[in-house]
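Engineer: Below are the structure tokens for one structure; questions will follow.
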């Protein structure tokens, strides 16, 4: 008797659920409203309007005030920034700020025309250093730096600073060829060493009507070679 009452209750519950089922999809489609179009005025803001502390350097300032062998050299006179470039041709030059040290390469972001140059594969001052060689000093139009900590427009790695490099395209045929080298000797504590470093770079660009082309080829010595022998 109890089992029959339970069965009748279950059947009644199913009937109630069936009576309260949602309306067919066709009825919902009939009640759909028209598309809503939102129109807003586009605003263009410069770096000077940013709420963060910021600094900039232009191509004209780089050409007249900075001996820029590499792109990282263009930042050395900006406030509260340190780029650890140990020698000519160094490929491991991390960026340090007031809120991040030389061993925290992932705490700053470096972009070139929106492309990330920071190597976020690690957080150190060796293999995770920014890929500065992707840009040459000759193709820079301006560099804008937004100081941290953090920025609403960028990822959490912006705790140190965000460096935005804007490049330019040539208006006519142009090309450069540069070479640099250094040599240091060490003779102390029973160790003698010769430490050379080098860098060779070339750029070439031209404009053909509405088409502009620019290419660069840096050749750096990633690590200083050492020839040592016991004294």
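In our numbering, the protein residues as written are -5 to 225.
Cβ coordinates follow ideal geometry from the N, Cα and C atoms, glycine included.
Being a predicted model, the structure only gives us computed values, none of them experimental.
Quick one: what does DSSP say residue 214 is sitting in, helix, strand or coil?
Structural biologist: strand
Engineer: In the DSSP output, what is residue 168 paired with across the bridge?
Structural biologist: 199
Engineer: I'd like to know whether the C-beta atoms of residue 252 and residue 206 end up nearer to each other than 7 angstroms.
Structural biologist: The structure shown does not extend to residue 252, since the chain is modelled only from -5 to 225, so the question has no answer here.
Engineer: What is the DSSP secondary structure of residue 131, reduced to helix, strand or coil?
Structural biologist: helix
Engineer: To the nearest angstrom, report how far apart residue 56 and residue 162 are at their CA atoms.
Structural biologist: 14 angstroms
Engineer: Just checking my contact of residue 191 with residue 83 at CB under 8 angstroms: how many whole Å lie between their CB atoms?
Structural biologist: Correct: roughly 5 angstroms between the Cβ atoms.
Engineer: Considering only residues of the same chain and omitting the five flanking positions on each side of residue 59, which have a CB-CB separation below 8 angstroms?
Structural biologist: 71
Engineer: Let's test the definition: count the other Cβ atoms within 10 Å of the Cβ of residue 154 and tell me whether it reaches 16, buried, or not, exposed.
Structural biologist: buried
Engineer: On the three-state DSSP scale, how would you describe residue 78?
Structural biologist: coil
Engineer: Which residues mark the beginning and the end of the beta strand (DSSP E) in which residue 49 is found?
Structural biologist: 48 to 52
Engineer: Identify which residue in 214, 80, 177, 75 has its Cα closest to the Cα of residue 240.
Structural biologist: The shown model of the chain, from -5 to 225, leaves out residue 240, and the question about it has no answer.
Engineer: Smallest Cα separation from residue 80: which of 139, 64, 94?
Structural biologist: 64
Engineer: Need the endpoints of the beta strand (DSSP E) that residue 161 sits in, please.
Structural biologist: 155 to 161
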